[in-house]
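Those protein sequence lines, which keep their order, are chains A and B. The letter at position 120 of the first sequence is residue 120 when you use my numbering, and the numbering goes up by one with no holes. The letter at position 91 of the second sequence is residue 280 when you use my numbering, and the numbering goes up by one with no holes. Positions of the beta carbon are idealized from the N, C-alpha and C atoms, including for glycine. Note that the structure is predicted; figures quoted are calculated from it, not measured.
Number of protein chains: 2
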Amino acid sequence: MAKSTPTQQVVNGIKPGALFQPIDAIEQGPDVSRFNFRVENSWVNGAHNRATVNEYHGAKTTHRRDKTYFVYDMDEPPVLLGEDRGAGPVDYLLVGLAGCVTTTLVYLASARGVSLSRVDAELDGDIDLRGMLGISEDVRPGYQVIRMKLMVEGDAPREELAELVRLATRRSPVADTISHGTSLQVSLG
Amino acid sequence: MAKSTPTQQVVNGIKPGALFQPIDAIEQGPDVSRFNFRVENSWVNGAHNRATVNEYHGAKTTHRRDKTYFVYDMDEPPVLLGEDRGAGPVDYLLVGLAGCVTTTLVYLASARGVSLSRVDAELDGDIDLRGMLGISEDVRPGYQVIRMKLMVEGDAPREELAELVRLATRRSPVADTISHGTSLQVSLG
């Protein structure tokens, strides 16, 4: 059998060569790198919401999606006046953060040829309800702190895995959005 | 039939009286208002991750959850080297934002006795992949801007609905986390 060329080897389920195709494409013109992600949400009743992840724009193309693909129910637990028909919105934020840092780490490792056998994470975050309820102006409504502990195993020394975790945290779109904040424009249509 | 007392009337699926029970409880002692939300995530392969929303702590109690309840697959679309086995992490962030602003709006409306017949939302956000890919240090990896347009109908004049949207945006835990940023502590376990 012919030996694979380095760009065709699959590391962590990703062809390292594939990681450089977007970079090459972007160097042809910056519009390729501009993505726009779209979501719709409908309130059902009480704390129950149903969101649908829609088409997205990227690589100069609008990518249509079947609207039955990604539909997510949200609710609150009974102690927060809901009926637990889905995870809460604040849970979804942690889910997205978990996946984003992990995938960024996996892509960075693949680009370096580091083969990973495990990436598990535990996340938790503190919210003081006095902010949301308007009881105290001194208490912010949002997360006061979010902690994420990664358990990573692979064919690299621990120092290199720690460096990959640091780089993934800096490069992850969701981690960057949460840690640095972003411009939020909310309007009544 | 006996007329309902105001605190028993259900508005938008929420008993307005129920909204004040947490406030009364919190005034007995601030520990009641401290919540901690917990999520676990496991990398599967490539861009595929599976997150589980766990027990949460709040109202001085740890609330156990069946771990089969809220399980979420994440992946990337093919153009971002995944296989679309779930929405992307950046989509989950928008989903959580949508649900959080909406539920906060519904609770605020219920507390005022405003009955809502519709709360729909369209969200979109811009990400330039040059940040995540490390092509340009001048481009942030995260969302550059997130827009959320709410379509709200209810038995209040438009100015009051607009005021509710503004207040919900300020009080929503996810909106506050995203717009002001929060402390993120990521570690290798």
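Item, Value
"Cβ shell of TYR92 of chain A (< 8 Å), same chain only, five flanking positions each side left out", "TYR72 and MET74"
"SER117 of chain A vs GLU159 of chain A beta-carbon contact at 7 Å", "no"
"Below-7 Å beta-carbon distance, VAL354 of chain B vs any chain A residue", "yes"
"Beta-bridge pairing of SER110 of chain A - partner residues as DSSP gives them", "Its beta-bridge partners do not exist; DSSP assigns none."
"Within 9 Å of chain A by C-beta, residues of the region 212-233 of chain B in sequence order", "ILE212, ILE215, GLU216, PRO219, VAL221, SER222, ARG223, PHE224, ASN225, PHE226, ARG227, VAL228, GLU229, ASN230, SER231, TRP232 and VAL233"
"As assigned by DSSP and simplified to three states, the class of ILE26 of chain A", "helix"
"Counted within 10 angstroms of its Cβ, other Cβ atoms place LYS204 of chain B as buried (16 or more) or exposed", "buried"
"Beta-carbon proximity check, LEU188 of chain A vs LEU339 of chain B, cutoff 7 Å", "yes"
"Where the region 161-186 of chain A meets chain B: residues whose CB sits under 7 Å from a CB there", "LEU161, ALA162, VAL165, THR169, ARG171, SER172, PRO173, VAL174, ALA175, ASP176, THR177, ILE178, SER179, HIS180, GLY181, THR182, SER183, LEU184, GLN185 and VAL186"
"Counted within 10 angstroms of its Cβ, other Cβ atoms place TYR56 of chain A as buried (16 or more) or exposed", "buried"
"Candidates A:ARG166, A:LEU129 and A:THR169: closest to GLY218 of chain B by CA position", "A:LEU129"
"Status (buried if at least 16 other CB within 10 Å, exposed otherwise) for THR191 of chain A", "With chain A running from 1 to 189 in the structure shown, residue 191 of chain A is simply not present."
"Whole-angstrom distance between GLY58 of chain A and PRO22 of chain A, CA atom to CA atom", "11 Å"
"Expected contact under 8 Å - CB spacing of MET353 of chain B and LEU297 of chain B to nearest Å", "Correcting the residue type first, residue 353 of chain B is Leu in the shown sequence and not Met. Yes, they are in contact, since the Cβ atoms of LEU353 of chain B and LEU297 of chain B sit about 6 Å apart, within 8 Å."
"Proximity test, Cβ basis, 7 Å: ARG64 of chain A and chain B", "no"
"Three-way DSSP call (helix, strand, coil) for ILE367 of chain B in this model", "helix"
"Min CB distance GLY235 of chain B to chain A below 7 Å", "yes"
"Closer than 7 Å at the beta carbon, the chain B residues around ARG147 of chain A", "GLN374"
"Residue nearest to GLY86 of chain A in terms of C-alpha spacing, selected from A:ARG64, A:LEU105, A:HIS63 and A:TRP43", "A:TRP43"
"Reduced DSSP secondary structure (H/G/I, E/B, other) of THR250 of chain B", "strand"
"Short CB-CB distance (under 7 Å) between GLU83 of chain A and chain B", "no"
"Sheet register partners of MET340 of chain B (DSSP bridge)", "B:ASP309"
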